[in-house]
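First the structure, in the form of structure tokens, and then the observations on it.
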Ligand code: URA
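In our numbering, the protein residues as written are 3 to 236.
And the structure:
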């Protein structure tokens with residue numbers, strides 16, 4: 003059980019003093035009843051807190067799915083470049099969210115933002131081999147021999163041999179690529195090893211999560227409970 007002011011302040015939207023004022027003004031309800039004091043205690047995992055009748059998400063961790071646009075870096079801060087966090091409203095930039103994994107500046111699509119370090123670690127640790135699927139477009143034409151080379155395990159220009167990956171041809175220069183690892187610029191380097199430079203790259207899935215195609219580039223939404231459970235392997 004935690005104090006109401008602590009729970010609401012942890013959303014980044016109000017200070018503890020502002021919560022006190024909201025409660026005094028009768029704008030906060032807890033499980034359907036007006037809050038009596040900002041010091042009231044509640045269990046943030048089960049409580050229904052509303053401010054001005056609008057439900058407030060107060061779970062310990064936040065999980066967002068972002069449809070990353072091109073031109074932003076997958077970082078929390080950068081001395082020169084705009085980061086993906088710049089797409090979020092101010093209160094969500096104050097609660098320790100970070101991108102779970104990186105997409106290159108010019109790569110678009112599914113990016114998970116969370117402040118749950120344990121889950122992010124579990125998804126990113128190499129030995130878990132979490133699958134990621136990308137839509138890729140290349141210069142030149144993709145062939146059966148490329149599919150076979152991806153399946154066997156491509157050797158990159160630095161000598162690294164990739165784990166077997168799937169290349170599913172969609173058209174002459176377009177394919178789905180599924181990886182079970184995530185090395186630096188991996189797909190670009192894999193395609194370069196076949197002499198077919200990448201011209202467009204979009205991530206569609208990350209583990210059990212699939213990009214919500216109703217999100218326009220730059221848009222985001224909170225994950226649904228089932229989506230978080232899926233990522234946790236439940
Ligand atoms: N592979 C790449 O080359 N770039 C990405 O952003 C992701 C996978």
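Glycine residues also receive a C-beta, built at the ideal position from the N, C-alpha and C atoms.
Since we're looking at a predicted model, the values are computed, not measured.
Query, Result
"Any idea what DSSP makes of residue 110, helix, strand or coil?", "strand"
"Using the beta-carbon of each residue, find all residues closer than 5 Å to any heavy atom of the ligand URA and list them in chain order.", "105, 106, 109, 187, 188, 189, 190"
"Residue 200 and residue 140: beta carbons closer than 7 Å?", "yes"
"With DSSP collapsed to three states, give me the class of residue 83.", "coil"
"Look at the Cβ atom of residue 229, then the Cβ atom of residue 213, and state whether they are nearer than 7 Å.", "no"
"Could you check how far apart the C-beta atoms of residue 260 and residue 205 are, in whole angstroms? I think they sit under 8 Å.", "Residue 260 lies beyond the stretch modelled for the chain, which goes from 3 to 236, so this question has no answer here."
"Distance, Cα to Cα, residue 72 vs residue 107?", "6 Å"
"Is residue 89 helix, strand or coil by DSSP?", "helix"
"If you pair each beta-carbon of the segment 66 to 82 with each one of the segment 217 to 227, do three or more pairs fall below 8 Å?", "yes"
"In angstroms with no decimal places, state the Cα-to-Cα distance between residue 6 and residue 137.", "45 Å"
"To which residues does DSSP link residue 16 through a beta bridge?", "The partner list for residue 16 (beta bridge, DSSP) is empty, contrary to what the question assumes."
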